[in-house]
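Asks: Residue numbers (this note's numbering): 501 to 631.
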Amino acid sequence: MNDERYEQGLKLRREMLGTDYVDRAIGSANDFNKPFQDLVTEYVWGYLWHREGLSHRERILINLAILSSTNMPNEVKLYVDIALRAGLSPDDIREVFLHTAMYSGVPRALEAFRVAGEAMAARDEGQTASE
Numbered sequence: 501m502n503d504e505r506y507e508q509g510l511k512l513r514r515e516m517l518g519t520d521y522v523d524r525a526i527g528s529a530n531d532f533n534k535p536f537q538d539l540v541t542e543y544v545w546g547y548l549w550h551r552e553g554l555s556h557r558e559r560i561l562i563n564l565a566i567l568s569s570t571n572m573p574n575e576v577k578l579y580v581d582i583a584l585r586a587g588l589s590p591d592d593i594r595e596v597f598l599h600t601a602m603y604s605g606v607p608r609a610l611e612a613f614r615v616a617g618e619a620m621a622a623r624d625e626g627q628t629a630s631e
């Protein structure tokens with residue numbers, strides 16, 4: 501493991517997802533899934549998200565498109581929260597899902613809109629998907 505990349509990833513993961521969410525995920529890791537938590541922290545957040553070429557905003561939009569296209573509602577909800585935390589607007593998110601509808605299908609976009617609406621409503625009530 502690259503400790504520097506892990507720490508860099510942990511810092512960004514906490515910024516994007518919230519400290520409580522990340523600490524719960526890592527703290528609840530066991531012998532079976534701890535290697536996965538380490539992999540996500542070091543390589544997803546420490547390596548991939550720090551690469552040049554795409555901004556964090558662009559990576560968030562891409563992830564929303566991929567996750568809605570592959571019908572991953574829990575991850576869509578989480579990335580809606582990440583998007584809003586990062587300063588993207590509901591209009592930005594809507595445009596991703598409209599685009600998804602044309603390229604990946606209306607039912608998948610419909611589910612993404614439903615899940616995003618729940619995430620936004622929860623956020624308005626002071627909750628986040630990462631809580």
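Don't be surprised by glycine CBs; every beta carbon is placed ideally from N, CA and C.
Compare the Cα-Cα distances from N571 to each of G553, T600, Y547 and report the closest residue.
Replies: Comparing Cα positions, the closest option is T600.
Asks: Taking the beta carbon of L548 as the centre, do at least 16 other beta carbons fall within 10 Å, making it buried, or is it exposed?
Replies: When all chains shown are included, L548 counts as exposed.
Asks: Answer with buried or exposed for R621, where buried requires no fewer than 16 other C-beta atoms within 10 angstroms of its C-beta.
Replies: Checking the sequence shown, residue 621 turns out to be Ala, not Arg. The residue in question, A621, is exposed, as its Cβ has fewer than 16 Cβ neighbours within 10 Å.
Asks: Rounded to the nearest angstrom, what separates G527 and D591 at their Cα positions?
Replies: The alpha-carbon atoms of G527 and D591 are separated by roughly 35 Å.
Asks: In this structure, how does DSSP classify R524 when only helix, strand and coil are distinguished?
Replies: Three-state result, R524: helix.
Asks: Nearest CA to the CA of R594: which residue from G617, E575, G587, G605?
Replies: When each option's Cα is compared against that of R594, the closest is G617.
Asks: Here's the rule I'm using: 16 or more other beta-carbon atoms within 10 Å means buried, otherwise exposed. How should E542 be labelled?
Replies: Counting Cβ neighbours within 10 Å, E542 comes out buried, since at least 16 surround it.
Asks: Under 6 Å Cβ to Cβ from V461, same chain only, skipping five residues before and after it: list those, please.
Replies: Nothing in the structure corresponds to residue 461, since the chain is present only between 501 and 631.
Asks: Specify, as a first and last residue, the run of the alpha helix (DSSP H) that E563 falls within.
Replies: Per the sequence presented here, residue 563 reads as Asn, with Glu not at that position. Its alpha helix (DSSP H) spans residues 556 to 569.
Asks: With DSSP run on the structure shown, which of helix, strand or coil describes M572?
Replies: Coil.
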